[in-house]
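K.L.:
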Amino acid sequence: MPSRPQRHQTPSRLRREPTARRHLTALPDPGQDTPTQPEPDVFSPGRLAAYRELFGYTPATLAARTGLDTDTIAAYEEGSATPDADTLTRLAGAVNVRPEQLFAPPGADDSQQYWGLICAAMPPMTADQIHAVATVLRRIDRQCAQRPGQDPPTEQPPVPRAA
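Numbering-wise (numbering that gives the first Met the number 0), the sequence shown opens with residue 0 and increments by one.
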């Protein structure tokens with residue numbers, strides 16, 4: 000009687016679980032401590048500096064627009080001081096954003112240096128490409144703002160088109 004051809008056997012070290020099983024995680028045991036809630040976002044010095052520069056303001060210009068000292072603006076941008084709610088509202092208004100746009104998750108690397116490196120690594124974009132990206136980001140901002148309980152979108156300055 001002829002022998003049956005052997006099927007290829009995958010070595011056990013290379014066998015993988017089915018895809019769905021690999022991506023499932025167990026539900027927490029109700030008897031254990033409940034998972035902690037994510038930490039609330041915190042003031043981001045890097046975002047304040049980035050928005051200030053986006054509008055072409057110097058620290059002195061932002062200080063004049065908000066009625067604060069230049070040293071206070073510098074302290075906020077360095078992260079050595081945190082603005083209170085009233086001051087945060089004034090800062091956000093001066094750079095035409097909602098106050099929550101000056102917040103980031105705790106521990107996020109949201110510094111100017113980080114974003115400068117990201118931008119430096121990007122390939123150059125034409126004015127049309129920049130305009131297209133800005134259009135998409137505005138649509139996303141509008142959609143996010145239309146969710147219940149959200150503030151309406153903040154008007155941003157138009158992105159200039161190439162001549």
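Yeah, the Cβ is synthetic: ideal placement off N, Cα and C, and Gly gets one too.
Is it true that the CB of residue 69 sits closer than 7 Å to the CB of residue 62?
P.N.:
For residue 62 and residue 69, yes; Cβs fall inside 7 Å.
K.L.:
How would you call residue 163, buried or exposed, if buried means at least 16 neighbouring beta carbons within 10 angstroms?
P.N.:
Outside the modelled stretch of the chain, which goes from 0 to 162, sits residue 163, for which no answer is possible.
K.L.:
Quick one: using the 10 Å Cβ neighbour count with 16 as the cut-off for buried, is residue 132 buried or exposed?
P.N.:
By the 10 Å Cβ count, residue 132 comes out exposed.
K.L.:
Taking 7 Å as the limit between beta carbons, can you name the residues of its chain near residue 101, skipping five residues before and five after?
P.N.:
Correct list, in chain order: 42, 43, 46, 47, 87, 90 and 91.
K.L.:
Take the Cβ of residue 135 as the centre, count every other Cβ of all protein chains shown within 10 Å, and call the residue buried at 16 or more, exposed below.
P.N.:
Looking at its Cβ environment, which holds fewer than 16 other Cβ atoms inside 10 Å, residue 135 is exposed.
K.L.:
Between the alpha carbons of residue 97 and residue 39, how many angstroms are there, rounded?
P.N.:
Each residue's alpha carbon lies about 17 Å from the other.
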